[in-house]
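Student: So the sequence lines, in the order shown, correspond to chains A and B.
So the first sequence is numbered by my numbering: it starts at 530 and just counts up by one.
So the second sequence is numbered by my numbering: it starts at 7 and just counts up by one.
All C-beta atoms, glycine included, are put in the ideal place defined by N, C-alpha and C.
Computed from a prediction, not measured in an experiment: that's the story for all the values here.
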Amino acid sequence: DTGVSQDPRHKITKRGQNVTFRCDPISEHNRLYWYRQTLGQGPEFLTYFQNEAQLEKSRLLSDRFSAERPKGSFSTLEIQRTEQGDSAMYLCASSLREGPVNEQFFGPGTRLTVL
Amino acid sequence: GEDVEQSLFLSVREGDSSVINCTYTDSSSTYLYWYKQEPGAGLQLLTYIFSNMDMKQDQRLTVLLNKKDKHLSLRIADTQTGDSAIYFCAESEGRGSTLGRLYFGRGTQLTVWP
């Protein structure tokens, strides 16, 4: 158990609906990352936060995606007007900025299926 | 730091050594990592190597880095059935507090036969 939790673990939705996922990082970790993983692929970076500041966003993060970390603790990832291509595992990870090797601890992921 | 390649499958017998290979393209990568993913579980960091090292050993795991050829390998000695999983190679740019996103390969599915 790495200590990063994600909710829900599974989400099935219809195309066009909005979905929101939550990530709770390890409590003392000030960095939080979102990745997306599709079948047969490695995780692809989406965005990351240092405390409440969103420091970097991938080109993969279209304007239908938005992520927040309002108090520098938990984070939410919202997808608006979902498309079938959004079906994937959404992974959250956290780390300590001061950590020398950027060890990222991953949560179990939220599996999204868009029908 | 966006192109990390791995072979997709590897099968070995229990007790043999496994060698998983990875190539990367970004010469500015400072840390290279090996993660393990088991079904239904999150990614787990197995080991890492700093780019100025050639080799790192950690119990049954040996990491070799050839920086000139941008080639990384993970050797698992005395492979057990519990080692069956997907292994991801990943790289990170920057140094210290500037380290950020990880770039992952597609993963190597290791199957260990009893």
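What does DSSP give as the partner residue(s) for residue 622 (chain A) in the beta ladder?
Tutor: On the first sequence, position 93 is the one that residue 622 (chain A) refers to. Paired residues: A:562 and A:635.
Student: Thinking C-alpha only, which one of A:606, A:580, A:643 and A:638 is nearest residue 45 (chain B)?
Tutor: Sequence index remark: in the second sequence, residue 45 (chain B) carries index 39 (1-based). Checking every option, the nearest Cα to that of residue 45 (chain B) belongs to A:638.
Student: Please state if the CB of residue 607 (chain A) and the CB of residue 549 (chain A) are separated by a distance shorter than 7 angstroms.
Tutor: Here residue 549 (chain A) refers to the residue found at position 20 when the first sequence is read from its first residue. Here residue 607 (chain A) refers to the residue found at position 78 when the first sequence is read from its first residue. Yes; because the gap between Cβ atoms is below 7 angstroms, this pair is in contact.
Student: Which of the three DSSP states is assigned to residue 615 (chain A) in this structure?
Tutor: Position 86 of the first sequence, counted from the start, is the residue given in the question as residue 615 (chain A). Here residue 615 (chain A) sits in helix by DSSP.
Student: Determine which residues share a DSSP beta bridge with residue 42 (chain B) and list them.
Tutor: Along the second sequence, one-based indexing puts residue 42 (chain B) at 36. B:50 and B:93, per the DSSP bridge assignment.
Student: Does the separation of the CB atoms of residue 12 (chain B) and residue 112 (chain B) fall below 7 angstroms?
Tutor: Numbered from 1 along the second sequence, position 6 holds the residue referred to as residue 12 (chain B). Numbered from 1 along the second sequence, position 106 holds the residue referred to as residue 112 (chain B). Result yes, Cβ atoms of residue 12 (chain B) and residue 112 (chain B) sit closer than 7 angstroms.
Student: So that I know if they touch, is there some Cβ in chain B lying closer than 7 angstroms to that of residue 570 (chain A)?
Tutor: Residue mapping note: residue 570 (chain A) aligns to position 41 of the first sequence, counting from 1. So yes, residue 570 (chain A) belongs to the interface.
Student: DSSP on residue 87 (chain B), reduced to helix/strand/coil?
Tutor: Taking the second sequence and counting its residues from 1, the one referred to as residue 87 (chain B) is at position 81. Note: residue 87 (chain B) maps to helix in three-state DSSP.
Student: Identify whether residue 7 (chain B) lies in helix, strand or coil by the three-state DSSP scheme.
Tutor: To locate residue 7 (chain B), count along the second sequence from 1; it is residue 1. With a pLDDT of 46 at residue 7 (chain B), under the threshold of 50, the predicted position of this residue should be treated as unreliable, though the coordinate-derived value follows. Coil.
Student: For residue 623 (chain A) versus residue 537 (chain A), is the C-beta spacing smaller than 7 angstroms?
Tutor: Here residue 623 (chain A) corresponds to residue number 94 of the first sequence, with the count starting at 1. Here residue 537 (chain A) corresponds to residue number 8 of the first sequence, with the count starting at 1. For residue 623 (chain A) and residue 537 (chain A), no; Cβs fall outside 7 angstroms.
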